[in-house]
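Those protein sequences? They're chains A and B, same order as listed. With the numbering used here as the guide, the letters of the first sequence map in order to residues 1 to 155. With the numbering used here as the guide, the letters of the second sequence map in order to residues 156 to 310. Glycine included, each C-beta is placed from N, C-alpha and C at the ideal position.
Number of protein chains: 2
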Amino acid sequence: MTVEVFMRRAIALSCEQVEAGGGPFGAVIVRNGEIIAEGANEVTLANDPTAHAEVVAIRRAAQALGTFDLSGCTLFTSCEPCPMCLGATYWARIDQLFYGNDRRDAAGIGFDDEFIYREVVLPPVARSLKMTRLLPDEAQAAFDAWCKSPDKVSY
Amino acid sequence: MTVEVFMRRAIALSCEQVEAGGGPFGAVIVRNGEIIAEGANEVTLANDPTAHAEVVAIRRAAQALGTFDLSGCTLFTSCEPCPMCLGATYWARIDQLFYGNDRRDAAGIGFDDEFIYREVVLPPVARSLKMTRLLPDEAQAAFDAWCKSPDKVSY
Chain A
1 MTVEVFMRRA
11 IALSCEQVEA
21 GGGPFGAVIV
31 RNGEIIAEGA
41 NEVTLANDPT
51 AHAEVVAIRR
61 AAQALGTFDL
71 SGCTLFTSCE
81 PCPMCLGATY
91 WARIDQLFYG
101 NDRRDAAGIG
111 FDDEFIYREV
121 VLPPVARSLK
131 MTRLLPDEAQ
141 AAFDAWCKSP
151 DKVSY
Chain B
156 MTVEVFMRRA
166 IALSCEQVEA
176 GGGPFGAVIV
186 RNGEIIAEGA
196 NEVTLANDPT
206 AHAEVVAIRR
216 AAQALGTFDL
226 SGCTLFTSCE
236 PCPMCLGATY
246 WARIDQLFYG
256 NDRRDAAGIG
266 FDDEFIYREV
276 VLPPVARSLK
286 MTRLLPDEAQ
296 AAFDAWCKSP
306 DKVSY
């Protein structure tokens, strides 16, 4: 199978999701030439602001494989990932990503991924989201316990 | 109640999660002076690379309120959010965020949020994750359908 076949499946999911009343985004995750999980944007349908197509597909792929580590997998998404989905892609250790529409196309239909990209690069105090550091000395306790824990599963 | 009370609850969740064998991160979401959702890092326990404390809390808050829009809510997290969680915070329209540990503290115990922050700002072709644009003309179909759809729920 060629990469175009997998991208066309992601695109088909994005089109079907518009028909279903959801957001116009679809994604598939492929391992060893086979689709192991699919997702579409369920934000408004599921009342879940994190349910972008890529996050949905990553969660399902991890469940299907029984691991949080998706090394060896490729993500095909109908649109360039926003910072949330790009972060999820790194945390999942996905090897490679193909995308169709880009962030400018998304902004053109009212999805302002570009705004979030601009915010993420700013230092916390400069963001439009008000961010305040609080009780860092107390917060350190869990990190200390983590370092001492013999049972921890690092990732 | 003061903000310290809510931060201490987020910190308590982070400490309890280490005991439970999970990652050392906790978060709570507050609305009108009341905690409406709590979360802790479930990545390794739930085999879900997206299950950071903030994402878990945001998903639960949205379920509790029956909406994807968490305007009017404040997020208290035991550690500065990574790009995935910061993106989720923006998409959820959370008003304000308090954090305890920061990304340097997290890097110090092996959680490389800082690496992902550096990657996110790069253009797609310059990232360590290989990203390739594919079939943009075909991907546009869902965006066209979205624009024409009378039933769409924008967000």
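Residue i - containing beta strand (DSSP E), residue span
i	result
E138(A)	No beta strand (DSSP E) holds E138(A); the alpha helix (DSSP H) holding it covers P136 to K148.
8 Å Cβ cutoff met for residue i and residue j
i	j	result
A294(B)	G100(A)	yes
A212(B)	V183(B)	yes
P83(A)	P238(B)	yes
T248(B)	L225(B)	First, the amino acid is wrong: residue 248(B) is Arg here, not Thr. In contact: R248(B) and L225(B) (Cβ atoms closer than 8 Å).
M7(A)	L290(B)	yes
S78(A)	A297(B)	yes
G178(B)	V210(B)	no
S231(B)	F253(B)	Just to set this straight, residue 231(B) is Phe in the shown sequence, not Ser. Cβ atoms of F231(B) and F253(B): closer than 8 Å.
I109(A)	W301(B)	yes
R9(A)	A37(A)	no
T229(B)	D250(B)	yes
N47(A)	Q17(A)	no
D144(A)	G176(B)	no
G26(A)	I11(A)	yes
G39(A)	G242(B)	no
V275(B)	V120(A)	yes
T157(B)	L129(A)	no
G227(B)	R186(B)	yes
Three-state class that DSSP yields for residue i in the structure shown
i	result
F115(A)	helix
A192(B)	strand
G242(B)	helix
T199(B)	helix
P49(A)	coil
D151(A)	coil
P279(B)	helix
Extent of the continuous alpha helix (DSSP H) run through residue i
i	result
S78(A)	Where S78(A) is concerned, there is no enclosing alpha helix (DSSP H), although the beta strand (DSSP E) it sits in stretches over C73 to C79.
R8(A)	V3 to E19
L220(B)	A208 to L220
A107(A)	R103 to G108
One or two residues paired with residue i in a DSSP bridge
i	result
L252(B)	M131(A) and L230(B)
I184(B)	A192(B) and L230(B)
May I ask you to list, following chain order, the residues of the stretch 181 to 193 of chain B that have a beta carbon less than 8 Å from some beta carbon of chain A? G181
Between the stretch 202 to 219 of chain B and chain A, which residues of the former have a C-beta closer than 7 Å to a C-beta of the latter? N202, D203, P204, T205, V210, I213, R214, A217 and Q218
Interface positions of the stretch 118 to 145 of chain A facing chain B (Cβ-Cβ less than 8 Å), listed along the chain: E119, V120, V121, P124, L129, K130, M131, T132, R133, L134, L135, P136, E138, A139, Q140, A141, A142, F143 and A145
At a CB distance below 8 Å, what residues from the stretch 234 to 247 of chain B approach chain A? Give them in sequence order. C234, E235, C237, P238, M239, C240, L241, G242, A243, T244, Y245, W246 and A247
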